[in-house]
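Peer 1: Numbering (the working numbering), first residue to last: 169 to 521. Note that beta-carbon positions come from the ideal geometry of N, C-alpha and C, so glycine has one too. The model shown is predicted, which means the values in this text are computed figures rather than measured ones.
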Amino acid sequence: MGPHPAVAAIRLAVRRVLHDILNDHGLPQQAEAALPPGPPPREGGETPPSPPLVLVACSGGADSMALASALAFEAPKLGVRAGGVTVDHGLQPGSDLRAAEVCLRLRELGLDPVESTAVTVGREGGPEAAARDARYAALDTAAERHGAAAVLLGHTRDDQAETVLLGLARGSGIRSLSGMAAVSGAGGRYRRPFLELDRQTARKACMVQSLPVWDDPHNADPAYTRSRLRHEGLPALEKALGKGVVEALARTAQLSRDDADALDAWAGQAEATVRDAAGLLECAKLYALPPAVRRRILRRAAIEAGAPAGSLFARHIEEVDRLITGWRGQGAINLPGKVVAQRQGGRLVIRQG
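1. DSSP state of Asp256, grouped into three classes?
2. Just checking my contact of Ala421 with Leu345 at CB under 8 Å: how many whole Å lie between their CB atoms?
3. When DSSP labels each residue in this structure, what does Leu449 get in the three-state scheme?
4. By the DSSP assignment, the alpha helix (DSSP H) with Leu516 in it spans what residues?
5. Counting C-beta neighbours from all protein chains within 10 Å, is the total for Arg184 16 or more, i.e. buried, or is it exposed?
6. At a cut of 8 Å, does the stretch 316–331 reach the stretch 356–370 through at least three beta carbon pairs?
7. Within its chain, find whatever has a CB closer than 7 Å to the CB of Asp427; leave out the 5 residues flanking it on each side and keep chain order.
8. Could I get the ranges of all uninterrupted alpha helix (DSSP H) runs contained in the stretch 380–468, with 4 residues as the minimum, in chain order?
9. What number of angstroms, rounded off, separates the C-alpha of Ala452 from the C-alpha of Trp495?
10. Thinking just about the alpha-carbon of each residue, which of Ser237, Pro173, Glu283 and Ala236 is nearest to the one in Thr309?
11. Which whole-angstrom value describes the C-beta separation of Gly335 and Thr288, a residue pair presumed to lie in contact below a C-beta threshold of 8 Å?
12. For Leu180, collect the residues of the same chain with a Cβ closer than 7 Å to its Cβ; drop the 5 residues on either side in sequence, then sort them by chain order.
13. Going straight from the alpha carbon of Tyr304 to that of Val351, what length do you get?
14. Helix, strand or coil for Gly292 per DSSP?
15. From Arg483, Ala446, Pro476 and Arg396, pick the residue whose C-alpha is nearest to that of Arg463; which is it?
16. Thinking just about the alpha-carbon of each residue, which of Arg419, Ile465, Leu417 and Ala418 is nearest to the one in Ala440?
17. In the DSSP output, what is Glu283 paired with across the bridge?
18. By the 10 Å Cβ neighbour count, where 16 or more other Cβ atoms means buried, how is Met233 classified, buried or exposed?
19. Is Leu307 close to the ligand MN? I mean its beta-carbon at under 7 Å from any heavy atom of the ligand.
20. Helix, strand or coil: how does DSSP classify Val248 here?
21. Given a cut-off of 8 Å on the beta-carbon distance, is the pair Glu296 and Leu397 in contact?
22. Please look up how many angstroms separate the CB atoms of Cys127 and Ala236, rounded, as I've assumed it's under 8 Å.
23. Leaving out the 5 sequence neighbours to the left and right, which residues in its chain are closer than 8 Å to Lys506 when beta-carbon positions are compared?
24. Specify whether the stretch 309–320 and the stretch 262–278 touch according to this definition: at least 3 beta carbon pairs, one from each stretch, less than 8 Å apart.
25. Give me the residue from Val255, Leu277 and Pro261 with the minimum Cα distance to Arg300.
26. Helix, strand or coil: which one does DSSP assign to Gly170?
27. Given a cut-off of 8 Å on the beta-carbon distance, is the pair Arg338 and Met348 in contact?
28. Report, in whole angstroms, the separation of the C-beta atoms of Val381 and Gly229, which I expect to be a contact under 8 Å.
29. Arg357 by DSSP, collapsed to three states: which one?
30. Is it buried or exposed, Glu242, if we count other Cβ atoms within 10 angstroms and call 16 or more buried?
Shown next as structure tokens:
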């Protein structure tokens, strides 16, 4: 008899991602039951490349513990080393002890290396955004220190649906509605194998494997926007619209991502055609472009001038866009990062103020 359907589902998802990682890095795939202690020298004295390392980011919750168990099972078959990182945000009493417990569980699964990283969470952007920024910075550092080929994250289809709704509530554009990408980060570092699996599947997989899990009290704290959405907003939508809301939102994310990618590519090609010999943006040529393409070019130009991407919102780009479409002699537009946009002699100049 094979594994429980939930266990089979998480293992298949991880296996597919590991294949992708190996292919993306041009690494050989093995079919061994276990990794040898070390690669023997090749003929001629050459040493074959060491097995690639894939880390799992694990909080101890059901999603990431299910991911860790699947990685520990699948990685040796493909000649991949599997390790784990847990991030101690220091936001709750005893968080260091909790992180130590998570490390113990990861080692019991056979992961190596395993480490806990403590971070200091700031205040910029709100508590959730600040914690996320600190977490990703710690994961980046750990991946670089260990030379990891990738870091696996346990976001599920439910997390994707919540992300789409949060973007919708902010009035964000199509890129925000596209939610989380299956592959993101520098060089495709971050991989999300569970985006097509629901949260209940991950929890069930932990239960049938007798894996202890920790339920973060912050996930049920109504002080946090995502928590309210999870426990109040989505259930209300399902009550009003029927089951299938989560699946529909996740599908919307993928469709939006496809559209956003196509528009980004269009904008990248069009940008060279709207610049003059000095590299300045020509307002008349920008005006002739579709708004979605033009605004992408404006956003990219603002970021290149020094505006932080995370602080550059749709309203900022709309104000700059009016220098193109609603020119009435208005003055310069101040953007985040001390960047200034102004129209001069039929050209749009975006630079540090």
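Peer 2: Let's see:
1. Asp256 sits in a strand when the DSSP states are folded into three classes.
2. Contact annotation, Ala421 with Leu345: C-beta distance approximately 7 Å; criterion of less than 8 Å satisfied.
3. Secondary structure at Leu449: strand, using DSSP grouped into helix, strand and coil.
4. Unbroken run through Leu516 is the beta strand (DSSP E), Arg515 to Gln520; no alpha helix (DSSP H).
5. Here Arg184 is exposed: its Cβ has fewer than 16 other Cβ atoms, across all protein chains shown, within 10 Å.
6. Taking 8 Å as the limit for Cβ pairs, the verdict is that the stretch 356–370 does touch the stretch 316–331.
7. Answer for Asp427: Ile342, listed in chain order.
8. Listed in chain order, they are 393–396, 402–409, 413–439 and 451–455.
9. The C-alpha of Ala452 lies about 11 Å from the C-alpha of Trp495.
10. Here the closest residue by C-alpha is Glu283.
11. Not really, about 28 Å apart at Cβ, beyond 8 Å.
12. For Leu180, where only same-chain residues beyond five positions count, there are no Cβ hits under 7 Å.
13. So the alpha carbons of these two residues sit roughly 14 Å apart.
14. It should be noted that the sequence gives Glu, not Gly, for residue 292. Residue state, collapsed to three classes: coil.
15. Distances from the CA of Arg463 to each of Arg483, Ala446, Pro476 and Arg396 were compared; the closest alpha carbon is that of Arg483.
16. Of Arg419, Ile465, Leu417 and Ala418, the residue nearest in Cα terms is Ile465.
17. According to DSSP, Glu283 shares a beta bridge with Val253.
18. Counting Cβ neighbours within 10 Å, Met233 comes out buried, since at least 16 surround it.
19. With respect to the ligand MN, the structure shown offers nothing to examine, as it has no ligands at all.
20. In this structure, DSSP gives Val248 a state outside helix and strand, which the three-state scheme calls coil.
21. Against a cut-off of 8 Å, the Cβ pair of Leu397 and Glu296 comes out as no contact.
22. As shown, the chain starts at 169 and ends at 521. That puts residue 127 outside it, with no answer to give.
23. Taking Lys506 as the centre and dropping the five residues before and after it, the same chain places the C-beta of Gly474, Gln520 and Gly521 closer than 8 Å to its C-beta, in chain order.
24. Short answer: they don't touch.
25. Of all alpha-carbon atoms in Val255, Leu277 and Pro261, the one lying nearest the alpha-carbon of Arg300 is that of Val255.
26. Collapsing the DSSP output to three states places Gly170 in coil.
27. Contact: no.
28. Their Cβ separation, rounded to whole angstroms, is 6 Å, which keeps Val381 and Gly229 in contact under 8 Å.
29. In the structure shown, Arg357 sits in coil (DSSP, three-state: anything other than H, G, I, E or B).
30. By the Cβ neighbour-count rule, Glu242 is buried, with 16 or more other Cβ atoms within 10 Å of its own.
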